[in-house]
């Protein structure tokens with residue numbers, strides 16, 4: 001399943017993404033736009049590849065996959081280095097297009113823009129110590145609330 005966003009809808013999509021990134025930056029997160037291709041090694045470290053490989057788009061003849069989420073290349077961004085505890089937590093808000101083969105899975109949500117082969121999204125990603133996790137989770141949840149309220153979308157407190 002594919003779709004086009006034209007005129008105001010295209011601009012609205014971009015505006016919502018940019019607004020989300022700005023709100024998350026104000027909430028203490030560093031904006032990052034990751035690469036859209038990752039090596040198999042990155043995918044296998046980020047997920048249970050055997051269980052999800054059928055949902056991924058592989059570049060034929062290459063050791064590359066289109067990303068299913070910004071989380072995987074963001075995780076790879078700091079791989080291979082030891083992060084001193086004093087530098088933690090690291091907080092990223094990532095914008096990316098996600099690519100998945102689950103389009104129209106199981107006949108669900110067959111109308112509208114659900115379950116498509118690609119979609120844009122903004123994600124929060126945190127690297128923290130075990131003692132910081134609860135505070136960071138609360139920060140993520142608070143950022144979500146601030147974002148929704150900034151769009152006049154009511155939330156349940």
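Residue numbers (the UniProt record's numbering): 1 to 157.
We treat Cβ as the ideally placed atom computed from N, Cα and C, and that holds for glycine.
Check this for me: beta carbons of residue i and residue j, under 7 Å apart or not?
i, j, result
"residue 74", "residue 36", "no"
"residue 146", "residue 124", "no"
"residue 17", "residue 122", "yes"
"residue 24", "residue 138", "no"
Could you tell me if the beta carbon of residue i falls within a distance shorter than 6 Å of some heavy atom in the ligand ADP?
i, result
"residue 139", "As for the ligand ADP, it is missing from this structure, which has no ligand bound."
Nearest by alpha-carbon distance to residue i: which of the options is it?
i, options, result
"residue 118", "148, 97, 70", "97"
"residue 42", "156, 23, 78", "78"
"residue 86", "19, 92, 132, 120", "132"
"residue 71", "57, 91, 64", "91"
In whole angstroms, what is the alpha-carbon distance linking residue i and residue j?
i, j, result
"residue 84", "residue 129", "10 Å"
"residue 218", "residue 93", "Any property of residue 218 remains undetermined from this structure, which presents the chain solely from 1 to 157."
"residue 34", "residue 76", "10 Å"
"residue 48", "residue 101", "16 Å"
"residue 127", "residue 21", "18 Å"
So who's on the other strand from residue i, going by DSSP bridges?
i, result
"residue 92", "30, 125"
"residue 97", "120"
"residue 22", "DSSP output for residue 22 lists no bridge partner at all."
"residue 38", "65"
"residue 58", "65"
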